[in-house]
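Here the protein sequences come in this chain order: A and B.
Here the first sequence is numbered in numbering that gives the first Met the number 0, starting from 0 and rising by one per residue.
Here the second sequence is numbered in numbering that gives the first Met the number 0, starting from 0 and rising by one per residue.
Where is the CB? At the ideal position from N, CA and C, for every residue including glycine.
Computed from a predicted structure; not experimentally measured.
Here is the structure we will look at, set down as structure tokens.
Protein chains: 2
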Amino acid sequence: MSIHLANIGDDEAYKPCAHDYQTNCGNCRLNAICLPLALESEDIAQLDEIIQRSKPIQKNQHLYREEDNFQSVYAVRSGTLKAYKTTDDGREQVTGFYFPGEILGMDGIANNSHASSAKALETSAVCEIPFSSLEKLSTLMPSLQRHFFQLMSREITEDQQLITLLSKNSADERVASLMLSISTRNARRKLSATQFRLPMSRVDIGNYLGLTVETVSRVFSRMQKMDLLSVDNKEIEIKDIQGLRDMANLGS
Amino acid sequence: MSIHLANIGDDEAYKPCAHDYQTNCGNCRLNAICLPLALESEDIAQLDEIIQRSKPIQKNQHLYREEDNFQSVYAVRSGTLKAYKTTDDGREQVTGFYFPGEILGMDGIANNSHASSAKALETSAVCEIPFSSLEKLSTLMPSLQRHFFQLMSREITEDQQLITLLSKNSADERVASLMLSISTRNARRKLSATQFRLPMSRVDIGNYLGLTVETVSRVFSRMQKMDLLSVDNKEIEIKDIQGLRDMANLGS
DNA sequence: TATTGAACATGACGTAGATCATGGTAGATG
DNA sequence: CATCTACCATGATCTACGTCATGTTCAATA
Chain A
0 MSIHLANIGD DEAYKPCAHD YQTNCGNCRL NAICLPLALE SEDIAQLDEI IQRSKPIQKN
60 QHLYREEDNF QSVYAVRSGT LKAYKTTDDG REQVTGFYFP GEILGMDGIA NNSHASSAKA
120 LETSAVCEIP FSSLEKLSTL MPSLQRHFFQ LMSREITEDQ QLITLLSKNS ADERVASLML
180 SISTRNARRK LSATQFRLPM SRVDIGNYLG LTVETVSRVF SRMQKMDLLS VDNKEIEIKD
240 IQGLRDMANL GS
Chain B
0 MSIHLANIGD DEAYKPCAHD YQTNCGNCRL NAICLPLALE SEDIAQLDEI IQRSKPIQKN
60 QHLYREEDNF QSVYAVRSGT LKAYKTTDDG REQVTGFYFP GEILGMDGIA NNSHASSAKA
120 LETSAVCEIP FSSLEKLSTL MPSLQRHFFQ LMSREITEDQ QLITLLSKNS ADERVASLML
180 SISTRNARRK LSATQFRLPM SRVDIGNYLG LTVETVSRVF SRMQKMDLLS VDNKEIEIKD
240 IQGLRDMANL GS
């Protein structure tokens, strides 16, 4: 098992068969990411009540599929998922990767049906948040309402970042940006910002970044030659984070 | 004055100096787009009270700038605006065009500061919706809360569409898609789906679609040669909408 | 009316990244 | 253990689109 998984593995998430997880939002160590809001403890208790902690999702299993009836949004507890749309001519477009503490499924609210599919890239666990309950609770708890408005707004700004990346940046810049993004998201979860295992394949990376697998491979090779990072299959070690930032060309 | 503006011009929006517009959400002919929800008439009256109808914005004037303090979201009453981000190396990325009935500014909620700038492409009028009032009202009116969740979700799905377009589609497909998008958005407002004036420059189109001006020009020329549409500067007439759909390659 | 300048069109040419082809490696399965 | 199949790396070639250069049109202003 990888270092990455081992670090997560000591979490409560890995009790696949227990019906009553001892987890709740109050003691979850991801709540700083997932719920960065000043909820009163009784508020958190109320939130806990509507959240369902599901059994693990196996690798390649779907959490939901495009056009499924929309019921819930999901917070990642452990593992990683990718969201993707299937284009009209049958190809796939990866629209995002979701790490522990991050929330997915909000694109389904607009039409009461999921606008994308979500698939586990490794064994993962999620908290299911039924949206109708969330709505009701939000009218009672202004800070929760605000939190969800902010979460959705953040999703918008992140999508706009990706739009800019796809529209204006070279292959080198795109891959470097993704590596930096994963690095900072790891750091937020108190994991190493410089050493990690990529949960996704080169195909997924290329698809997400609008590049072919071959180009992604070549960029990784180039980065290694420049001593920015070392790549051993999916194991990444960032060796020169400033150099990587320079390559990403995103300022500072 | 163009056909497009003339059609809008009979609207109440064009009373630049009046302090008391006779407009309200109840009688606004855009409310089917802007508020497609079953609000009770007294609810609409409440909403009306928080909405401020501002004086027109002149062409090239900003509605807000990136990093401005976020206070409000805006509904376009007349005219057109573009939203854009300035990348770290100083270039511009157009992230969206906003037509009457559409809402912009929601990307500012996440960080209480606008994540993009908004500039009028022609003389325009907007309804300003102070967000804090909207939040308060939303806790009292579940249907309004739901509406805004849906609006934001729609913004997410549209951004994802653009991501896919940029990542997977050719120049022809991108331009054709934009023309079709403008066409359907015109139709929603009971304007012609086949004849309209583009409010934005070729530069803006290219920027939005991740293409250079030259490429956009060439695509327009190609489309004319194929008799899909006729272009006279900014005046567009779609002559073969099915042909255009085929070119866009987005299915049906 | 002449003049200036933005916005647009179009040709010639260069290039980043796609496509095609081949080979290597690591984990799954009989 | 052998075999199979994803997944990844890397070279050779091709091409869509960018870049550069030049010209046109039209609206604004002297």
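| query | result |
| --- | --- |
| Neighbour-count burial assignment, B/Asp107, 16 or more Cβ in a 10 Å radius | For the record, residue 107 of chain B in the displayed sequence is Gly; it is not Asp. The residue in question, B/Gly107, is buried, as its Cβ has 16 or more Cβ neighbours within 10 Å. |
| Selection from A/Ala74, A/Ser40, A/His61, A/Phe98 that minimises the alpha carbon distance to A/Leu198 | The sequence as given places Pro at residue 198 of chain A; Leu does not occur at that position. Closest option to A/Pro198, Cα to Cα, is A/Phe98. |
| Inter-residue Cα distance where the pair is B/Asp239 and B/Ser169 | 20 Å |
| Contact check, A/Thr79 vs A/Leu34, beta carbons under 8 Å | no |
| Meets three-Cβ-pair contact criterion under 8 Å: the segment 51-61 of chain B and the segment 158-165 of chain B | no |
| For A/Phe130 and A/Ser77, believed in contact at Cβ under 8 Å, the rounded distance | That belief does not hold up - the Cβ atoms of A/Ser77 and A/Phe130 are roughly 22 Å apart, past 8 Å. |
| CB contact below 8 Å: A/Leu165 versus chain B | yes |
| Residue from A/Thr94, A/Ala74, A/Thr85 with nearest C-alpha to A/Gly100 | A/Ala74 |
| Beta-bridge pairing of A/His61 - partner residues as DSSP gives them | A/Lys118 |
| Beta-bridge partners of B/Arg221, as assigned by DSSP | Its beta-bridge partners do not exist; DSSP assigns none. |
| Alpha-carbon to alpha-carbon, A/Leu208 and A/Asp226 | 22 Å |
| Every unbroken alpha helix (DSSP H) within the segment 127-151 of chain B, with a cutoff of 4 residues, ordered by chain | 130-139 |
| Local Cβ density within 10 Å of A/Ser142, reported as buried at 16 or more and exposed below that | exposed |
| Within-8 Å CB hit, A/Met105 to chain B | yes |
| Under 7 Å from the C-beta of A/Pro99: neighbouring residues of chain B | Near A/Pro99 there are no residues of chain B at all, since even the closest Cβ is about 20 Å away, more than 7 Å. |
| Complete alpha helix (DSSP H) runs within the segment 172-222 of chain B (minimum length 4 residues, chain order) | 201-208 |
| Whole-Å CB distance - A/Thr156 paired with B/Ala82, under 8 Å assumed | About 11 Å; that fails the 8 Å criterion. |
| Close beta carbons around A/Ile49, own chain, < 8 Å, minus the five adjacent residues each side | Ile128, Pro129, Ser132, Leu133, Leu136 |
| Closest residue to A/Val202 among A/Ala31, A/Asp67, A/Gln51, A/Asn232 (Cα-Cα distance) | A/Asn232 |
| Unbroken alpha helix (DSSP H) run spanning B/Gln45, endpoints | 40-49 |
| Residue from B/Asn68, B/Met222, B/Thr193, B/Thr214 with nearest C-alpha to B/Ala175 | B/Met222 |
| 3 or more residues per run - each beta strand (DSSP E) lying fully within the segment 66-109 of chain A | 71-77, 80-85, 91-97 |
| 6 Å CB neighbourhood of B/Phe69 in its chain, flanking five on each side removed | Gly107, Asn111, Ser112, His113 |
| Range of the contiguous alpha helix (DSSP H) that encloses B/Ile32 | 30-33 |
| Neighbouring residues, chain B, relative to A/Leu161 (Cβ below 7 Å) | Ile162 |
| B/Ile235: first and last residue of the uninterrupted alpha helix (DSSP H) it sits in | Not the alpha helix (DSSP H): B/Ile235 falls in the beta strand (DSSP E), residues 234-237. |
| B/Asp226 - DSSP class collapsed to helix/strand/coil | coil |
| Residue nearest to B/Ala124 in terms of C-alpha spacing, selected from B/Ile43, B/Ala109, B/Val230, B/Ile56 | B/Ile56 |
| Given A/Arg145 as reference, the closest of B/Leu150, B/His146, B/Thr138, B/Gln149 once Cα atoms are compared | B/Thr138 |
| Same chain only: Cβ atoms within 7 Å of B/Glu236, ignoring 5 sequence neighbours per side | Thr193, Gln194, Leu228, Ser229 |
| Euclidean distance between Cα positions of A/Ala247 and A/Glu39 | 40 Å |
| Under the three-state DSSP convention, the category A/Ser166 falls into | helix |
| Test: B/Pro141 CB closer than 8 Å to a CB of chain A | yes |
| A/Gly89 classed as buried or exposed, judged by whether at least 16 other C-beta atoms fall within 10 angstroms | exposed |
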